[in-house]
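Which chain is which? The protein sequence lines are A and B, in order. In terms of this note's numbering, the first sequence opens at residue 67 and continues consecutively. In terms of this note's numbering, the second sequence opens at residue 85 and continues consecutively. Idealized CB from N, CA, C, for every residue including glycine. Structure first, commentary second.
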Amino acid sequence: MAHTTAAASWGSHTHPAVDDLLIQRIAEGDHDALHTLYESVGNNVYGFALSITKNTHDAEDVLQETILSVYHKAADYQGKGKPMAWIFTIARNFSLMKLREHQKTTSLEDNEILNSASYSHIDSAELRMTLQAVLKLLDSKEQQIVMLHAVEGMKNREIAEIMQIPLNTVLSKYHRAIKKLRKHLEGQIE
Amino acid sequence: MKNRIETNLSAALSQMVPDDMYERIIEEVDSIPERNVTPMKRQNQNTSAADRTRTNHNRPLRLLSMAVAACLILAVGLWGGRYYQYNFVADSIVDIDVNPSVELTTNRNNKVLEAEAVNEDGAEILQELNLKGTDLNVAVYAVIGAMVQNGYLTGDDGSILISVQNDDQERAQTVRNLVLSDVDASLKSSEVTASVLNQTVTTTTTDAQTFADENNISLGKAVFVLNLASKDDTLDANELAAMTLKELADLVTERGIDISDIVDYDADDSIWENITDAVEEVNENGTTTTDTTGLITTAEAKEIALDHAGIAEADATFISAKLEYDDGIQVYDIEFYAGGVEYDYEINATTGAIIGTEQDTEQTTTTTTDNTTTTATITADEAREAALNHAGVAEADATFTKTGLEYDDGVQVYDVEFYTTDAEYDYNINATTGAVVNAEQEGRKTQTTTTTTTTSGDTITSDEAKTIALNHAGISESNAREMEVELDYEDGIQVYEVEFKSGTMEYSYEIKAADGTILDYEQEVDD
Numbered sequence: 067m068a069h070t071t072a073a074a075s076w077g078s079h080t081h082p083a084v085d086d087l088l089i090q091r092i093a094e095g096d097h098d099a100l101h102t103l104y105e106s107v108g109n110n111v112y113g114f115a116l117s118i119t120k121n122t123h124d125a126e127d128v129l130q131e132t133i134l135s136v137y138h139k140a141a142d143y144q145g146k147g148k149p150m151a152w153i154f155t156i157a158r159n160f161s162l163m164k165l166r167e168h169q170k171t172t173s174l175e176d177n178e179i180l181n182s183a184s185y186s187h188i189d190s191a192e193l194r195m196t197l198q199a200v201l202k203l204l205d206s207k208e209q210q211i212v213m214l215h216a217v218e219g220m221k222n223r224e225i226a227e228i229m230q231i232p233l234n235t236v237l238s239k240y241h242r243a244i245k246k247l248r249k250h251l252e253g254q255i256e
Numbered sequence: 085m086k087n088r089i090e091t092n093l094s095a096a097l098s099q100m101v102p103d104d105m106y107e108r109i110i111e112e113v114d115s116i117p118e119r120n121v122t123p124m125k126r127q128n129q130n131t132s133a134a135d136r137t138r139t140n141h142n143r144p145l146r147l148l149s150m151a152v153a154a155c156l157i158l159a160v161g162l163w164g165g166r167y168y169q170y171n172f173v174a175d176s177i178v179d180i181d182v183n184p185s186v187e188l189t190t191n192r193n194n195k196v197l198e199a200e201a202v203n204e205d206g207a208e209i210l211q212e213l214n215l216k217g218t219d220l221n222v223a224v225y226a227v228i229g230a231m232v233q234n235g236y237l238t239g240d241d242g243s244i245l246i247s248v249q250n251d252d253q254e255r256a257q258t259v260r261n262l263v264l265s266d267v268d269a270s271l272k273s274s275e276v277t278a279s280v281l282n283q284t285v286t287t288t289t290t291d292a293q294t295f296a297d298e299n300n301i302s303l304g305k306a307v308f309v310l311n312l313a314s315k316d317d318t319l320d321a322n323e324l325a326a327m328t329l330k331e332l333a334d335l336v337t338e339r340g341i342d343i344s345d346i347v348d349y350d351a352d353d354s355i356w357e358n359i360t361d362a363v364e365e366v367n368e369n370g371t372t373t374t375d376t377t378g379l380i381t382t383a384e385a386k387e388i389a390l391d392h393a394g395i396a397e398a399d400a401t402f403i404s405a406k407l408e409y410d411d412g413i414q415v416y417d418i419e420f421y422a423g424g425v426e427y428d429y430e431i432n433a434t435t436g437a438i439i440g441t442e443q444d445t446e447q448t449t450t451t452t453t454d455n456t457t458t459t460a461t462i463t464a465d466e467a468r469e470a471a472l473n474h475a476g477v478a479e480a481d482a483t484f485t486k487t488g489l490e491y492d493d494g495v496q497v498y499d500v501e502f503y504t505t506d507a508e509y510d511y512n513i514n515a516t517t518g519a520v521v522n523a524e525q526e527g528r529k530t531q532t533t534t535t536t537t538t539t540s541g542d543t544i545t546s547d548e549a550k551t552i553a554l555n556h557a558g559i560s561e562s563n564a565r566e567m568e569v570e571l572d573y574e575d576g577i578q579v580y581e582v583e584f585k586s587g588t589m590e591y592s593y594e595i596k597a598a599d600g601t602i603l604d605y606e607q608e609v610d611d
């Protein structure tokens, strides 16, 4: 199937692991809960940060800062049933902070940290190509949307909220991005 | 529903993240002393994320924030005198974090007592500004303006974190709302938009108390030491704690540190006498705080409140649970939400008796990561309801894309945006009265309401867009399947995106809504 219909993708994701209760447990200092959170969203926070910072070291920092921040701020979290939007908004802010730090010191063009060596940890060619395609083929907004969309339980509405762009833009950019990726990857995989 | 690309992407990312990342995080979690305390203390110390981050790397800054807490204790515990409270004494701490981070300390009259840079970029911002003694609104305006000028806030993707610290939650909210409107005004005049996150932070005596306990010194000395350390970056609070009062006085004299703002200074007395008096006064007024044994725990206080309210813990969202003095009695102030109602309990910390209880159905949520301010008298839900009623749309048919509090010509309004399958709506609802200030509706097939101002008069309908696409593709509607028509904005132009499949092909069209021109089309084999 080329793409899902919009209606099918709204609200169809549910993720039992990350909910207000989990945040509440983290607020109570429950390390198991923190670990569950990390296991559920850690990779995606990293990916989302990578799509903004284009730098693996920064993405690691952002992941660390985001999880710590969730831990420290969990007691302040106002349960509104949208922990994902909350967590990724924190990640976005840290990422943008990193980006600004670099804009001060280096121009983005010289940012060569994301070279082929960055992907050397990935043992499967298919996985490596997929990530490379996302980071090379898509513009930053498209990357962010795809990274967020890949989060289990993330709703398009929440993506729109995190990125502060209209829902329709999320949907259309997402469709376009996936189409672009398919076209590119079709020839290479399988 | 994840497709293969996303599944692969997630798998690839999991191999990118260092294996020991979680261990590193947990190490960090465990390395922060105040994290090892009971949940009660942690909840009391809800300092900002920015503070926390700094805390992790920079001990002096952590002490600074503790000193700030201490300052507040001095303000409340020591001097009832209006003169001090209103002029020299720190009332609120306003943190403005972009990347440059700036901290403004204000008095009760919202005058800036101190403007401090929290990082190097912040120093750059403050370099060109002289904010001491100015009104808070002037200072905020100037700081944001300077951040824009120096290129830290550009275009529309910036974000600003505003944190207001004040022991008095109500006061913290008032100050925060003031600051937010100033930030807003400054951004507007600079023609920059940014997301403004905000939070209020309450501090408690726990910080100074913890510090006192850790160093085996009196609370009074702890307060003074923390205040002193905050005045001079080269001073380490822990080292100061080990010094005698006389040694401290000598140090103050030697370095020429002005302590008139941290102690109730009497010019006739020596510095040493002044310090001794200040320390004694805190100890006299605050001796009972050194003994928390025999008190019920925060968890117990919460339980008492929940029991009384008849609410299960799982249904409640705690706003705050703090130990306070009320007429010399230690009480827990427990605040929580449940079912849209705000509960506020005061519970005697010794006996567990409920001293006071309040319920408020009006939501005045203090959101920590929300760009809404909370002075509005109607809730976001009510604003949405008003918009839906006006539009004649059932809630189930609407998808909300935005509900935010904004200022429109100085009036607080909710900007409510939603769409249905065939139209997009944008409402401004007066946040005080609930009246519809402005209504826009776009892209609706048939006009059902006449009161809305609509810009859709000249656009084609989604049906027409569909027909244009089908005609171009040479496919009859009956042969097309999985038809999707979406109205979107492309570079400010309204565009219908028409997608459908026929046979083994997939078609995608972009059609200008204004005149039906095909802007872009794609055909590809459906995989």
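With contacts defined by Cβ atoms closer than 8 Å, Ala-174 of chain B and Asn-191 of chain B form a contacting pair. The C-beta separation of Leu-204 of chain A from Asn-222 of chain A comes to about 17 Å, leaving the pair out of contact by the 8 Å criterion. Closer than 8 Å to the CB of Val-101 of chain B there is at least one CB belonging to chain A. The DSSP assignment places complete alpha helix (DSSP H) segments of no fewer than 4 residues inside the stretch 378–429 of chain B at 382–393, in order along the chain. Residue contact check for Gln-230 of chain A against chain B: a CB pair falls below 8 Å.
Nearest CB-CB separation between Ala-437 of chain B and chain A: not below the 8 Å threshold. Counting only runs of at least 4 residues, the stretch 308–341 of chain B fully encloses the following alpha helix (DSSP H) elements, listed from N- to C-terminal order: 321–326, 329–339. With contact defined as three or more Cβ pairs closer than 8 Å, the stretch 387–397 of chain B and the stretch 411–430 of chain B are in contact. One thing to note: Ile-228 of chain A has its Cβ no nearer than 8 Å to the Cβ of Arg-166 of chain A. Counted as a single uninterrupted DSSP element, the stretch harbouring Met-589 of chain B is not any alpha helix (DSSP H) but the beta strand (DSSP E) occupying residues 589–596. A distance below 8 Å separates the beta carbons of Lys-207 of chain A and Lys-239 of chain A.
Among the CB atoms of chain B, one or more fall inside 8 Å of the CB of Arg-166 of chain A. For Gln-130 of chain A, the nearest CB of chain B lies under 8 Å from its own CB, placing it at the interface with that chain. Taking 8 Å as the CB threshold, Met-231 of chain B stays off the interface with chain A. Scanning chain A for C-beta atoms nearer than 7 Å to the C-beta of Asp-604 of chain B yields nothing, as the closest lies near 10 Å away. Those residues of the stretch 552–567 of chain B placed with their C-beta closer than 8 Å to a C-beta in chain A are Glu-566, ordered along the chain. By the beta-carbon neighbour count (other beta carbons within 10 angstroms, threshold 16), Met-589 of chain B is exposed.
Only Leu-233, Asn-234, Thr-235, Leu-237, Ser-238, His-241, Ile-244, Lys-245, Leu-247, Arg-248, Lys-249 from the stretch 233–250 of chain A bring a Cβ to less than 8 Å from some Cβ of chain B.
Taking Glu-187 of chain B as reference, the option from B:Asn-193, B:Ala-201, B:Val-307, B:Lys-195 with the minimal CA-CA separation is B:Ala-201. Under the 8 Å Cβ criterion, the stretch 88–98 of chain B does not count as touching the stretch 310–320 of chain B, having fewer than three qualifying pairs. Bridge partners of Gln-578 of chain B according to DSSP: B:Tyr-573. Following the DSSP letters along the chain, one finds Ser-274 of chain B inside the alpha helix (DSSP H) bounded by residues 253–274. Val-520 of chain B sits away from Asn-109 of chain A, with the two beta carbons spaced by 8 Å or more.
Taken residue by residue, none of the stretch 495–520 of chain B has a beta-carbon sitting less than 7 Å from a beta-carbon on chain A. At a cut-off of 8 Å between C-beta atoms, Asn-110 of chain A counts as an interface residue with respect to chain B. Counting the other CB atoms within 10 Å of its CB gives Glu-105 of chain A a total below 16, which places it among the exposed residues.
Its Cα nearest to that of Leu-407 of chain B, the residue B:Asp-417 stands out among B:Asp-417, B:Glu-561, B:Val-495, B:Ala-398.
In the DSSP secondary-structure assignment, Thr-189 of chain B is bridged to B:Ile-177, B:Glu-198.
Under the 8 Å criterion on CB atoms, Asp-104 of chain B is classed as non-interfacial with respect to chain A.
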